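Engineer:
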Amino acid sequence: MDMTAAGKDSPNNKRFKSGHRKKDGYKLLLAALPFLVIAFAFSYVPLFGWIYAFFDYHPGIPLSKSEFVGLANFRDMFGDSRMGPVLVNTLALSALSILTAPIPMLFAILVSEVRSGWFKRLVQTVSTLPHYISWIIVYALAFSMFSTEGAVNTMLIKTGIGGSPVDVLGNYDRVWTVQTLLLLWKSVGWSAIIYLAAIVSIDSEQYDAAKVDGAGRRRTIWHITLPSIMPTFIVLLLLSISNLLSAGFEQYLVFSNVMVADRIEVLDLYVYRLGLVTGDYSYSTAVGMFKSVISIGLLFAVNLLSKKFRGQGIV
Amino acid sequence: MNTHTASRKAAAAAQAPRRRRKIDGKDLTFNIINYVVLSLLIVVTIYPFYYIFIYSISDSIEAQKGVTIWPTGFSLEAYRTTASLPGIIDAAVVTISRTVIGTVITVFCCALFAYLITKEELPFRKAIYRFVLVTMYFNAGFIPWYLTMKTYGLQNNFLLYVLPSALVGFNVILIKTFIEQLPASLEESAKIDGAGYFRIFASIIFPLSMPIIATIAVFAAVGQWNTWFDNYFLVENPKLQTLQLVLYNFLNQSSNLSNMTTEQLNRGDLVRTLTPQSIRMTITMLVTLPIVLVYPLLQRYFVKGIMMGAVKG
Amino acid sequence: MRKKATLKAGAALLATTSLLLSACSGGGNGNASPSASGSAGASSAAPTATASASEAPKELVTLRVLVMEPGTKWNKYPDSTVAKAIAEKVGVKIEYVEADENKFNVLLASGDLPDIVRSDVNKYQKQLIEGGLVVPMDDMLAEHGKDIAANIPTVVDYSKQNWSNGTGKLYFLPPQVQPKPGTSIKPITIGPTIRWDWYKEIGAPELNTMDDLLSALEQIVAKHPTTEDGKKVYGVSMWQDWGLWPYLIPPLTFTMSTGTTSDLTASQIGGHDFISTLTDESSNFWVAMDFYNKAFRKGLLDPDALTMKNNDYMAKATAGQIVVGPATWAMGDFNAQHTNDGKGYIVVPAGKLAWTGGVNPLGWQDKSYAISKSSKNPEKALDFLNYIYSYEGARTMYNGAEGKEWNVADGKPTLTDETLALKAAGGIPFESTGLSLDRNIIGLGGDVVDPNDNQPVDLFGAEEALKKAVTPLEKDFSDHYGASYSGEVFQKQIDAGKLKTFTTWMDGLSDDEILKQNTVPGVTLSDDYKKKEAALKELAARQAAKIVLAKDESAFAKAKSEAIDAFKKAGADDFTKYYNEEVVKLRTAHGLQ
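Just so you know, the sequences run in chain order A, B and C.
Be aware that the first sequence starts at 198, since it is given in my numbering, and climbs by one per residue.
Be aware that the second sequence starts at 119, since it is given in my numbering, and climbs by one per residue.
Be aware that the third sequence starts at 14, since it is given in my numbering, and climbs by one per residue.
#1: Between C:Thr-274 and chain A, is there a C-beta pair that is closer than 9 Å?
#2: Assign C:Asp-586 to one of three DSSP states: helix, strand, or coil.
#3: Considering only C-alpha positions, which residue in the set A:Gly-257, A:Leu-284, A:Ile-426 is nearest to A:Ala-444?
#4: Against chain A, does B:Ile-219 count as a neighbour if the rule is that its beta carbon must be under 9 Å from one of theirs?
#5: Could you check whether C:Met-344 and C:Thr-11 sit closer than 9 Å to each other, using their CB atoms as the reference points?
#6: If you check the beta carbons only, do C:Gly-256 and C:Leu-314 fall under 9 Å apart?
#7: With a threshold of 8 Å, are at least 3 pairs of Cβ atoms found where one atom belongs to the region 389–398 of chain A and the other to the region 410–427 of chain A?
#8: Is it the case that the Cβ atoms of C:Ala-367 and C:Gly-158 are separated by a distance below 9 Å?
#9: Would you kindly check if the distance between the Cβ of B:Thr-345 and the Cβ of A:Tyr-241 is under 9 Å?
#10: So if I threshold CB-CB distances at 7 Å, which residues from the region 433–460 of chain A count as touching chain C?
#11: Considering C:Gly-248, what are the terminal residues of the beta strand (DSSP E) in which it resides?
#12: Work out the CA separation of B:Ile-170 and B:Thr-402 for me, nearest whole Å.
#13: Assign C:Ile-441 to one of two classes, buried (16 or more other C-beta atoms within 10 Å of its C-beta) or exposed (fewer than that).
#14: When you compare each of B:Ile-318, B:Phe-347, B:Leu-292, B:Ala-308 to B:Ala-332 by their alpha carbons, which one comes out closest?
#15: Using the beta-carbon count (16 or more within 10 Å), is A:Ser-309 buried or exposed?
#16: C:Pro-259 and C:Met-251 look like a contact to me (Cβ under 8 Å); what is the Cβ gap, rounded to whole Å?
#17: Give me the Cα-Cα distance between C:Val-597 and C:Asn-135, rounded to the nearest whole angstrom.
#18: Roughly how many whole angstroms lie between the Cα atoms of B:Arg-198 and A:Val-266?
#19: Quick check on this structure: which residue in B:Ala-320, B:Ser-373, B:Ser-202 has the alpha carbon closest to the alpha carbon of C:Gly-84?
#20: When you compare only the Cα positions, how much space is there between C:Glu-82 and C:Ala-112?
#21: Drop a sphere of 10 angstroms on the beta-carbon of C:Met-302, count the other beta-carbons inside from all chains shown, and report buried for 16 or more, exposed for fewer.
#22: Just grab the DSSP bridge partners of C:Trp-419 for me.
#23: With 16 as the cutoff for other CB atoms within 10 Å, does C:Asn-297 come out buried or exposed?
#24: What residues are listed by DSSP as bridge partners for C:Gln-191?
#25: Cα separation between A:Leu-434 and A:Glu-264?
#26: Can you pull the chain F neighbours of C:Ala-558, defined as C-beta to C-beta under 7 Å?
#27: In angstroms, rounded to a whole number, what distance separates the CA positions of C:Ala-482 and C:Asp-224?
#28: Say whether the region 400–413 of chain A touches the region 306–322 of chain A, bearing in mind that this needs 3 or more beta-carbon pairs closer than 8 Å, one atom from each stretch.
#29: Restricting to Cα atoms, I'd like to know which of C:Asp-152, C:Gly-284, C:Ala-122 is closest to B:Thr-266.
#30: Counting only beta-carbon separations shorter than 9 Å, does C:Lys-380 have a partner in chain A?
#31: At a CB distance below 7 Å, what residues from the region 228–251 of chain B approach chain A? Give them in sequence order.
#32: Quick one: what's got a C-beta closer than 8 Å to C:Ala-59's C-beta in the same chain, skipping five residues either side?
#33: Would you mind listing the alpha helix (DSSP H) stretches within the region 296–371 of chain C that are 4+ residues and don't spill past its ends, in chain order?
#34: Of all the options C:Leu-186, C:Tyr-494, C:Thr-290, C:Gly-216, which has the alpha carbon lying nearest to the alpha carbon of C:Tyr-382?
#35: Can you tell me whether DSSP reads A:Arg-470 as helix, strand or coil?
#36: In or out: B:Leu-411 buried (at least 16 other Cβ within 10 Å) or exposed?
Structure follows, in structure tokens:
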């Protein structure tokens, strides 16, 4: 006892510290264990289903009686001539939504600069409303606004701004823009919630100090707010890059029509349509598996990049 | 006399903010632009909701011809019919329960786990973190999920609603990022005072992380509120039906033509007073209003500096 | 044929209704299109008291039936007249379990199937039989399936041969079996569905070709450029969420050319030589292209026709903005809103075909019943199936109980006026009786004649009931053609040889021959051809948009030849060749070629 409790300079102290750390470590590990069990039980165990991707599996017929097809389903997927344009659409729409990623952050900053309490709460709450509206209703709304007889066209014609009706929903050339704007509209307030949380946690002393230095609004935003919420932005950005292949599904399903179908068909939508035709469970499993693997790969790839350029990864 | 004091008060009021804060020209322009931009945003985000509202109280058949500013005709039949669906009250209770319990579980698990992950003393820290994170991207399909849940005895079990979502990778990443930005000095000083990890978590980290906790709570609550597929696949006990599924079935019934024959469609059954569209609008109103209120309720945790000050003081 | 249309409606609805609720965050695959399992009300229903006091109250067995469609209404009315009759006669209570494909897959994989399964036999027989999930009925048939054996022997034989996965046993029984066409024509629902008051106003000109229709539309729109509310009126419009439907079905009345198991091939009604829908210029697709393009160039086509969904179309029809549509049930609520002023949409005689007749000697195969292995009461399940194939059961399920909903006078069963009035009023009061609520649960088709009284099992389809059920619009229409109900208008033209039906080609054939011709299985596409078909249909829909919007004759010709080239390149001709070969194979195997 005496020995371990020896003075500061004793080499034993280090051992004591590391021993203490170890004990702490086990305590922490023990605490983390239940969470690992939860993750394993609910997320890892069901992955046994990935085995279906390698069989010609039809639900009801046991796997033992199903034909083993190896990588045939994956080969089908890559050999499909439609896959090229579908991936282009998927990546383009994902990329566009990543490009708009700073907008919710800017919106959050604008909201945080509002002085009036009630107005701030109003903006915060109201801007989340579109998130709760299902895509099928968004479509109904869009049709009532933008069809040739819709409110927008009627107004344009009445006021003499537009001569002939503008076709928004069937516009082949602008469909990516239109869909990106719709998505932005639907998600801007909702995504801003995270940034608002990050902004309020910035130490107010920093602002006070800046004010004393005579910094104006724009300078405090630039030098204090932005850097403070940057980590959150980067994390979300990297996560959305890892989700490149999941561009969305419902939105494009409801907004698809013959005029724009060629440019709106994303991976999930294509696989869904194929599933309706063939009902091939193994194939959809293969696609799901492929997407998971690509996402995880992308996550670690962007993490590496982040480490290289920021000196800090996210995972 | 009266007017005199009133105007003096007004003058004082006008002066008050000026004393508190200098408003220069640049700031003023910024403010004006900011308010204009945000007001525009309010208009474009609130109008759709208003549209849904007036559609839902319009006469269902007339509304098909289009509504823009005012309801066309007036009818609360969609609300009456929806509210009197059999079992809807029980379903609402189930949904509220799963929302409250599920949210508490998710928030607690994600926050505690995220905190553990920030501790460098934790052995295999990175591996453990990644082990949980990658589950974000897992998608095994319905069949293995169903079989797994059934094996765990979660079929017809309320726990099915709240347990599988306990640990969400996305939430963990957000909370962890947040905790890492808190000043380390706070925790250090508590440690010197002899506080253990869990006391530090409960008395310092958790309250300090209130903004992100509130955010996660909003996400989790909305997710719980809207989820029905677990109910659809695995729960047949009518006592455990969720609101979303009851409404979903109702909407399906109102819009399904496939089990009517053409003769029925020809005459008799087209005498309808409610269209699927107006039922859809009504359901959106009924389902969204309660959950929309969750966010404003939690917004008090979004007030600047409050928590920081409290802990420091 | 009629069924095909409603099925498509169902499929389209299934796709759209799956998107209704707002984003579900934990949505797994994201492609679930869910629906109900047993509704809350159903389970609380106590054993229904039987009407006759003499019988001791029986213990009711609950049979759960898996149905593969969302939004059925059966469970909503556990105490309906029909449910009570089933309880009394069979001692069972029927409860639906709804499933979409995802849920069905899950139940197949886990073996948790309800007592009875109603599914597409051609699609699922292998999984159900090979997986040991359904039981053969053969051994129970003698004791529990007397009416099945007596009333639908052809189906039983066919089922053993073709739907047993090679085992030769009886596993599947489809509903709505109807070997012979009915005698009287019910209101026709598919065909040029025109605004009757406007069409009459221009003198109801004959519509022998689609060009005739176009000129009628032109005259009408010139007279009525806007509705009473001041909205623009369009000659014709379309919706785009049912695939090629708007191109393949409306011309059928004029071409008599129809597909069977694929949209890409078509033959004359009753024929066996299939042409390509896409590369043969006489096909419905090209007739439609011509029609819509002309309509577009004359300014008669709704500018939103290429982006709208069915729901949007119905809304426009409700507002009275469309002059002619493809079917009565597509025209929204317009008729219901104008029940008394004689305005409304009605199918008028046109072209060569009246959309009526047709036989279904094998029933609706995509709704076939099977008893699952996990059922604790397979005998009871068969008792129930036997009931739905009995004349008494079918009559009860269509029309209700004798002495209540219908009476026998002079040996002839007749619906009471109250029942007819209830049906005419429609809505929940009629629905809650359960009469004809779900035809998929009735074994015999409505036009099957009950040999005991020589009337169709569905009395709503008897001529007398049809006459009584005439609406003011229908009356005005019938008067114009000198008939007493709308079916008679067509009947007269059919008798005069002006119009044909789906069964005209069978005239002069013996009953056996008719049966033989109609029990040849349709071509089942392999997965590869299914994918090819889907890709071609997508391509066709996209090309169609360009063709319809061609600005002038030469642009149309150019778009047309480009499209045909594209279809050929994508294998449309190869598909047709394969299809025809399969048809010959199947017909040869059945001794018909």
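Cβ coordinates follow ideal geometry from the N, Cα and C atoms, glycine included.
These numbers were taken from a predicted model, which means no experiment stands behind them.
Structural biologist: Let's see:
#1: no
#2: Of the three classes helix, strand and coil, the one that applies to C:Asp-586 here is helix, per DSSP.
#3: A:Leu-284
#4: No, because no Cβ of chain A sits closer than 9 Å to the Cβ of B:Ile-219.
#5: The structure shown does not extend to residue 11 of chain C, since chain C spans only 14 to 606, so no value can be given for it.
#6: No, these two residues do not count as a Cβ contact at 9 Å.
#7: yes
#8: no
#9: Annotated as distal: A:Tyr-241 and B:Thr-345, with beta-carbon spacing of 9 Å or more.
#10: So the list reads Phe-446, Glu-447, Leu-450, Val-451, Asn-454, Val-455, Met-456, Ala-458, Asp-459, given in the order they occur along the chain.
#11: 247–249
#12: 8 Å
#13: That one is exposed.
#14: B:Leu-292
#15: Residue environment for A:Ser-309: buried (at least 16 other C-beta atoms within 10 angstroms of its C-beta).
#16: 4 Å
#17: Near 19 Å, if we compare the C-alpha coordinates of C:Asn-135 and C:Val-597.
#18: 55 Å
#19: The shortest C-alpha to C-alpha distance from C:Gly-84 to any of B:Ala-320, B:Ser-373, B:Ser-202 is the one to B:Ser-373.
#20: 6 Å
#21: C:Met-302 should be labelled buried.
#22: Answer is C:Glu-415, C:Leu-428, bridged to C:Trp-419.
#23: buried
#24: C:Asn-373
#25: Going by the C-alpha atoms only, they are around 42 Å apart.
#26: Protein chains A, B and C are contained in the structure displayed, whereas chain F is not.
#27: 34 Å
#28: Judged by Cβ distances under 8 Å, the region 400–413 of chain A makes no contact with the region 306–322 of chain A, as fewer than three pairs qualify.
#29: C:Ala-122
#30: No, C:Lys-380 lies away from the interface with chain A (no Cβ there is under 9 Å from its Cβ).
#31: Phe-231, Leu-234, Lys-237, Glu-239, Leu-240, Pro-241, Ile-246, Tyr-247, Arg-248, Phe-249, Val-250, Leu-251
#32: Any reading at C:Ala-59 needs caution, since the residue's pLDDT is 37, under 50, leaving its predicted position unreliable; the model's value is listed next. Closer than 8 Å at the Cβ level, and outside the excluded window around C:Ala-59, lies no residue.
#33: 297–310, 323–331, 347–350
#34: C:Leu-186
#35: helix
#36: That one is exposed.
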